[in-house]
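These notes are about the structure you will find just below.
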Amino acid sequence: MEKTVDTRYDWLLPFCVLALASIGIVMVASASIAFAADIYQDPWFFLKRHLLFLGVGIAVALVVSQVPLSVWSRLSWPLLLFACLLLLAVLVPGIGREVNGSRRWLALGAITVQPAEVAKFCLLVFFASFLTRRNQQLRHWSSFMVPVVILGVVAVQLLLQPDFGSVVVISGTVLAMVFLAGARLPHTFLLVGLAACALALMALVSPYRLQRLTTFLDPWRDQFASGYQLTQSLIAFGRGEWFGVGLGNSVQKLFYLPEAHTDFIFAILSEEWGMAGGLVMIGLFVALTWSLLRLVRQALAQQKFFAALLAFGIAVLLAGQAFVNMGVASGLLPTKGLTLPFVSSGGSSLVVCCALFALALRVQWELSSVVDSEMSGEDKVRHLPIFNPLQLGDRSIKGEAA
């Protein structure tokens, strides 16, 4: 296969992330100003906090981008163990912090960490490495069950918190990666069916999850109790109409819509920017997913299977979480506590999203380095190298980890 690079979308990945992060800064400031002024006597409290975590995320991204993919592959098992220990620690009384009946946070001094967000990063790296090494054996049922068991253990830990939304996003991402790695269709369909039945059963046997499901089907029937959050979100969409009421002019953020700067920030954006602003947001996530899938295609063309699975997992995870968040806010899906990547206020989520972005840039850098080293001088004139935001001195590739 001829090793050529299509450079039409080289800047698309960093552009989309930069645009989403910029919109996030503006919307966090707008959506939280009244709530922060009332609770903390500082209207910019959440904006300052968001900028602080964005700075931490940039620092983490710089570190992640310097680590070769071969090193990440070798660290897959330690990362899995680290994720499991964090998910267990959050369940320990005195260590885990309980908020609204859910124990999802670790209190580390003045800051809190959400282990489920850290687990997303660790699990992506682990399953990309594991499936790269075992892709030839995945067609056998015994080897196919290994990632299923590992995913099941992690899912049980998340459900004990409980964090049903993270289970759905992580399970969907891992199943997509297993399918790309070469699992047989009957095995994949059977696993998807069993996972869907298990999630449906858990939703039905849990009273509050069942209430969320029935409320989602008809939120106006109980609009001042269980359906309050969704109805207020729908009112925000209705007020926005085509072009919105103007930045900062949202009414729903004035103590009507709970979690306006986190889980339901898309509703406030649609109220202030209208349908046009909502479509721009959706378009940015579509473009981001498209740019990541291009990396998958390039990695497969160069037979860099770990890089391909890693980029594919990042694409599915970010796209899936964005779809769930926007679907919940617009009434398309039952209510789940998931943030909008790069946009919502949430320290752990923002830092992990920055780390995933840096990992995608590392994939892009190593793929472009291979192409650059294989081209002649005349080819380098005809084919520009892929955008390199890392500016690393070492352009050598370590190769796929065994």
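Following numbering that gives the first Met the number 0, the numbering of the sequence shown begins with 0 at its first residue and continues without gaps.
Quick reminder that beta carbons are idealized off the backbone N, C-alpha and C, glycines included.
- No Cβ-Cβ contact shorter than 8 Å links residue 46 with residue 20.
- Assignment of residue 111 by DSSP, reduced to helix, strand and coil, places it in the strand class.
- Counting every other CB atom within 10 Å of its CB across the protein chains shown gives residue 273 a total of 16 or more, marking it as buried.
- Per DSSP, residue 270 lies in no beta strand (DSSP E); the unbroken alpha helix (DSSP H) holding it starts and ends at 264–300.
- Relative to the Cα of residue 107, the nearest Cα in the group 96, 101, 219, 124 belongs to 96.
- Here residue 290 has 8, 11, 12, 15 as same chain residues with Cβ atoms under 7 Å from its own Cβ, once five neighbours each way along the sequence are excluded.
- In this structure, DSSP gives residue 72 a helical state, which the three-state scheme calls helix.
- Shown here, residue 92 sits in a strand according to DSSP, grouped into three states.
- The Cβ atoms of residue 266 and residue 232 lie closer than 8 Å to each other.
- Taking every protein chain shown into account, the CB of residue 296 has fewer than 16 other CB atoms within 10 angstroms, so this residue is exposed.
- In the DSSP assignment, residue 226 falls outside any alpha helix (DSSP H), carrying neither H nor E.
- Distance from the CA of residue 54 to the CA of residue 339, rounded to the nearest whole angstrom, comes to 18 Å.
- In the three-state DSSP reduction, residue 183 falls in the coil class, being neither helix nor strand.
- Distance from the CA of residue 218 to the CA of residue 239, rounded to the nearest whole angstrom, comes to 20 Å.
- By the CB criterion at 8 Å, residue 49 and residue 347 fall outside the cutoff.
- Checking the DSSP bridge columns, you'll see residue 102 partnered with 97.
- Between residue 157 and residue 115, the beta carbon gap of about 6 Å places them in contact (Cβ cut-off 8 Å).
- Each of 17, 70, 282 was checked against the Cα of residue 125, and the nearest Cα belongs to 70.
- By the C-beta criterion, the segment 279–290 is judged to be in contact with the segment 310–317, since at least 3 inter-stretch pairs fall below 8 Å.
- Cα atoms of residue 294 and residue 213: separation of roughly 40 Å, rounded to the nearest angstrom.
- With respect to the 8 Å criterion, residue 128 and residue 75 are classified as neighbours on the basis of their beta carbons.
- A straight-line Cα-Cα distance of about 12 Å links residue 31 and residue 23.
- Comparing alpha carbon positions, the residue from 319, 184, 172, 203 closest to residue 285 is 319.
- The beta carbon of residue 351 lies closer than 7 Å to those of 116, 117, 119, 120 in the same chain, with the five residues before and after it left out.
- Between the alpha carbons of residue 85 and residue 112 lies a distance of about 10 Å.
- For residue 56, the CB contacts under 6 Å within the same chain, skipping 5 residues up- and downstream, are 349, 350, 353 in chain order.
- Across the set 260, 275, 52, the C-alpha of 260 shows the shortest separation from the C-alpha of residue 25.
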